[in-house]
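The opening residue of the sequence shown carries number 28 in our numbering; numbering runs sequentially from there.
What follows is one structure encoded as structure tokens, with my remarks underneath.
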Amino acid sequence: MNAYKQIAKWGFLAFLIIATIYILRRHNAPTTSEVPYQECTGKIFGTTYKAIYQHPDDLSADIHSRLNEVDASLSMFNPISTLARINKHETDTMDAMMQEVFALAMRVSEATGGAFDCTVAPAVEAWGFGFKNREQITDEKIDSLKQLIGYRNVSMTADGLLKRQIEGVQMDFGAIAKGFGVDKVAELLSTKGVKNMLVEIGGEIIVHGTRADGKPWRIAVQSPTGEGFSAVLSRTETAMATSGNYLNYYVNEAGERVAHTISPFTARPVTHTLLSATVTAPTCAMADAFATAFMVMGVEQAKTVLEEHPALGAYLIYSEGDTLQTFAKNFSLDGK
Ligand code: ADP
Ligand code: MG
């Protein structure tokens with residue numbers, strides 16, 4: 028047998044072996060519908076999280092450790108987080124996650140005329156929404172808070188150092204960290220090959236693909252009255268966040284609701300007719316930040332920002348007299 032024939036014979040045999048292995052593997056591999064949906068829940072940033080994802084293995088240890096990284100960077104509640112240490116002047120070095128969040132926070136501040144502002148921290152504390160008790164609020168106190176608030180009071184150097192324009196500036200990523208955590212878990216699951224997932228932290232949510240029954244994920248927007256849902260949506264692809272002043276507030280001595288969204292312009296909690304802002308965006312961190320900014324801006328200004336940013340969608344619920352009104356942009360609801 029000449030050399031060519033030898034090569035052809037062994038080549039053909041090798042082909043047969045590889046083809047047989049391939050066919051056997053395909054035959055034994057579970058079909059998509061047989062791969063189980065796993066569920067993982069826990070607590071972070073003083074709220075709860077949940078991930079439902081289709082994967083043969085339980086990935087909860089990876090999810091917990093990714094969320095612990097986010098917590099170690101951005102949590103206000105963790106006294107040794109990078110954020111807590113920066114606010115205590117123990118360091119000026121932002122870790123990689125904080126650099127990413129800081130850059131996004133600045134972009135959203137620019138896009139919203141400063142309504143989103145990561146330097147609201149002293150006012151959040153003073154009004155009793157941080158981890159300290161509420162302080163006695165006087166006009167002098169408000170004036171001194173206003174000096175410290177303003178996103179232009181902080182910047183980041185090329186190597187990730189925080190620069191403060193004035194002493195005493197403190198940062199707060201409470202309006203972006205939950206969405207960012209959702210993005211990080213969704214990214215992690217994607218790198219593990221997960222196509223079908225729901226990831227949620229305290230109401231900020233990402234869904235991809237479908238539920239175990241093959242249908243789109245269904246997401247409900249809570250009603251501002253606290254009873255039932257305002258809207259239900261079916262989605263196979265979305266990153267969405269809701270800010271609502273009806274969820275996190277206290278009633279002061281005068282019987283007024285004091286809500287946890289702070290206007291950076293007045294250093295006071297915002298009071299207007301917008302009751303809840305649900306936003307969809309390319310990332311959940313971005314949706315989270317814009318939802319908070321819209322609560323500061325109110326309906327009309329929010330509409331302007333939506334015109335300028337076609338990648339955003341929104342569902343706004345506001346009061347008009349005694350009735351609740353809604354406004355939707357790039358946002359389809361079930362049954363409508
Ligand atoms: P939730 O999703 O819990 O309704 P948000 O995403 O609106 O909350 O975040 C509220 C938190 O964001 C506040 O508790 C405070 O820490 C921070 N915050 C309040 N006002 C602002 C603001 N104007 N810009 C950025 N962060 C804010
Ligand atoms: Mg937010």
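The C-beta atom is built at its ideal place from N, Cα and C for all residues, glycine as well.
This structure is a prediction, so every number in the text was calculated from the model and none was measured.
Exposure label - residue i; buried when at least 16 CB within 10 Å
{"i": "N357", "result": "exposed"}
{"i": "F321", "result": "buried"}
{"i": "I107", "result": "exposed"}
{"i": "P309", "result": "exposed"}
{"i": "L216", "result": "buried"}
{"i": "D85", "result": "exposed"}
{"i": "P149", "result": "buried"}
{"i": "D170", "result": "exposed"}
{"i": "Q65", "result": "buried"}
{"i": "H287", "result": "buried"}
{"i": "E335", "result": "exposed"}
{"i": "A266", "result": "buried"}
{"i": "L131", "result": "buried"}
{"i": "W37", "result": "exposed"}
{"i": "F256", "result": "exposed"}
{"i": "I193", "result": "exposed"}
{"i": "Q352", "result": "exposed"}
{"i": "R134", "result": "exposed"}
{"i": "G230", "result": "buried"}
{"i": "T252", "result": "exposed"}
Short Cβ contact (8 Å threshold) for residue i with residue j
{"i": "M103", "j": "L94", "result": "no"}
{"i": "F143", "j": "S136", "result": "yes"}
{"i": "A314", "j": "V306", "result": "yes"}
{"i": "L260", "j": "L339", "result": "no"}
{"i": "S228", "j": "K242", "result": "The sequence shown places Ile at residue 228, not Ser. It is not a contact, given that the beta carbons lie outside the stated cut-off."}
{"i": "M121", "j": "L101", "result": "no"}
{"i": "A304", "j": "S346", "result": "no"}
{"i": "L343", "j": "V326", "result": "yes"}
{"i": "T319", "j": "A202", "result": "yes"}
{"i": "A185", "j": "K168", "result": "no"}
{"i": "I232", "j": "V209", "result": "yes"}
{"i": "S92", "j": "C67", "result": "no"}
{"i": "L189", "j": "D89", "result": "no"}
{"i": "V212", "j": "V226", "result": "yes"}
Residue i, enclosing beta strand (DSSP E) - first and last residue
{"i": "R245", "result": "244 to 249"}
{"i": "K77", "result": "74 to 81"}
{"i": "T350", "result": "350 to 356"}
{"i": "G141", "result": "Segment: none, G141 is in no beta strand (DSSP E) and carries neither H nor E."}
Limits of the alpha helix (DSSP H) - the one that residue i falls within
{"i": "K168", "result": "166 to 175"}
{"i": "K70", "result": "Not the alpha helix (DSSP H): K70 falls in the beta strand (DSSP E), residues 64 to 71."}
{"i": "P267", "result": "It should be noted that the sequence gives Met, not Pro, for residue 267. Run containing M267: none in the alpha helix (DSSP H); it sits in the beta strand (DSSP E), 264 to 271."}
{"i": "E335", "result": "326 to 335"}
{"i": "V126", "result": "The amino acid occupying residue 126 in the given sequence is Gln; Val does not appear at that position. Counting along the chain, the alpha helix (DSSP H) containing Q126 begins and ends at 123 to 138."}
{"i": "V297", "result": "Taken as a continuous stretch (DSSP letters only), V297 belongs to no alpha helix (DSSP H), as it is neither H nor E."}
{"i": "A153", "result": "148 to 153"}
{"i": "S87", "result": "87 to 101"}
{"i": "A111", "result": "109 to 114"}
Cβ-heavy atom distance, residue i to the ligand GDP, below 7 Å
{"i": "D315", "result": "Inclusion of the ligand GDP in the displayed structure is not the case, the ligand content consisting of the ligand ADP and the ligand MG alone."}
Hey, is the segment 167 to 175 in contact with the segment 190 to 197, meaning 3+ C-beta pairs nearer than 8 Å?
-> yes
Could you tell me whether the segment 178 to 194 touches the segment 71 to 81, using the rule of 3 or more Cβ pairs below 8 Å?
-> no
Count the C-beta pairs between the segment 231 to 238 and the segment 285 to 300 that are closer than 8 Å, then say yes if the count reaches three, no if not.
-> no
Uninterrupted alpha helix (DSSP H) stretches inside the segment 174 to 232 (no shorter than 4 residues) | 204 to 218
When the Cβ atoms of the segment 220 to 230 are set against those of the segment 321 to 338, are three or more pairs found closer than 8 Å?
-> no
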